[in-house]
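A.B. asks: Mind looking over this structure? Questions follow.
Numbering (the numbering used here), first residue to last: 3 to 145.
In structure tokens form, the structure reads like this:
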């Protein structure tokens with residue numbers, strides 16, 4: 003399942019200049035390795051397109067626009083119960099295995115409380131809202 007509309011959108015929707023930070027040979031997927039001519043550090047859109055192609059070619063059962071609401075493991079039956087929201091309706095899945103790939107810290111931005119921030123006249127935003135440096139040229143900033 004994926005909360006995004008298309009396979010690879012988790013990469014596609016990140017900041018404009020993002021590249022893989024590890025060599026592409028560490029990131030091969032089963033059965034279809036990246037082509038030999040690929041760059042060592044692939045651009046996010048290249049990875050996103052590859053994931054979308056891979057999903058189609060491998061005929062993966064991909065549920066888009068679906069959100070995981072709850073996951074519980076029952077020790078007695080040694081089984082998972084996963085509640086997802088699909089098309090606005092709850093669906094209960096009972097997979098044998100479960101992988102939670104959340105994108106880091108469960109993908110919820112956390113902005114610290116900074117004393118005096120309300121008095122700052124400039125722009126404040128979380129790094130998760132950053133897409134490119136356009137519009138920031140010549141400005142002073144603190145990261």
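Cβ coordinates follow ideal geometry from the N, Cα and C atoms, glycine included.
From what residue to what residue does the alpha helix (DSSP H) around residue 14 run?
C.D. replies: Element bounds for residue 14: 11 to 14.
A.B. asks: Roughly how many angstroms separate the alpha carbons of residue 100 and residue 82, rounded to a whole number?
C.D. replies: Going by the C-alpha atoms only, they are around 8 Å apart.
A.B. asks: For residue 233, count the other beta carbons within 10 Å of its own beta carbon; 16 or more makes it buried, fewer makes it exposed. Which is it?
C.D. replies: In this structure the chain extends from 3 to 145, so residue 233 is not present and cannot be described.
A.B. asks: State the CB to CB distance for the pair residue 70 and residue 93, rounded to an integer number of angstroms; the pair is presumed to be in contact (CB under 8 Å).
C.D. replies: With a Cβ gap of about 10 Å, residue 70 and residue 93 do not count as contacting.
A.B. asks: Could you tell me the distance, in whole angstroms, from the CA atom of residue 122 to the CA atom of residue 91?
C.D. replies: Those two C-alpha atoms are separated by around 43 Å.
A.B. asks: Compare the C-beta of residue 50 against all C-beta atoms of chain D and say whether one is closer than 7 Å.
C.D. replies: Looking at the structure shown, chain D is missing, and only one protein chain is on hand.
A.B. asks: Runs of 4 residues minimum, wholly inside the stretch 22 to 79: which ones carry the alpha helix (DSSP H) assignment?
C.D. replies: Runs of the alpha helix (DSSP H) inside the stretch 22 to 79: 46 to 59.
A.B. asks: So who's on the other strand from residue 83, going by DSSP bridges?
C.D. replies: Paired residue(s): 74.
A.B. asks: Quick check: the Cα distance between residue 110 and residue 128, rounded to an integer number of angstroms?
C.D. replies: Approximately 11 Å, taken between the alpha carbons.
A.B. asks: Could you name the residues of the same chain whose beta carbon sits closer than 6 Å to that of residue 5, not counting the 5 residues immediately before and after it, in chain order?
C.D. replies: Counting only Cβ-Cβ distances below 6 Å, and skipping sequence neighbours, we find 69.
A.B. asks: Starting from residue 93, trace the beta strand (DSSP E) in both directions and tell me its first and last residue.
C.D. replies: Taken as a continuous stretch (DSSP letters only), the beta strand (DSSP E) holding residue 93 covers 91 to 95.
A.B. asks: Expressed to the nearest angstrom, what Euclidean distance is found between the alpha-carbon atoms of residue 74 and residue 96?
C.D. replies: Whole-angstrom Cα-Cα distance: 10 Å.
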